[in-house]
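Trainee: Numbering (the working numbering), first residue to last: 2 to 56.
Even for Gly, the Cβ is constructed at its ideal location relative to N, Cα and C.
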Amino acid sequence: MLEEKDLQKMLNIVKRIQFQLQYTLSDLYKCGLDTAAIENMLISNIQEDNKKAPR
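Listed below in structure tokens is the structure:
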């Protein structure tokens, strides 16, 4: 079982990723990409990453 301090470290990492992603998406939107284009780009990147992931 994970200890409280390990869980807190993981939570902090997730919060940083969420913060960075929020501003990255905001910047992409300002560059003229609409929400659907950004969503499609993220979905295709996730699908590609899943194909490359070790099983």
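Just verifying my parser: in three-state terms, what is the DSSP assignment at E4?
Mentor: Three-state result, E4: coil.
Trainee: Is Y24 close to chain E, meaning its C-beta is less than 8 Å from at least one C-beta of that chain?
Mentor: The question asks about chain E, but that chain is absent: this structure has only one protein chain.
Trainee: Using only CA atoms, which one of V15, L8 and L26 lies nearest to N41?
Mentor: If we check each option's Cα against that of N41, L26 comes out closest.
Trainee: Return yes when the Cβ of L29 is within less than 8 Å of the Cβ of I39, no when it is not.
Mentor: In contact: I39 and L29 (Cβ atoms closer than 8 Å).
Trainee: How long is the line joining the alpha carbons of I18 and G33, rounded to whole angstroms?
Mentor: Straight-line Cα distance between these residues: approximately 23 Å.
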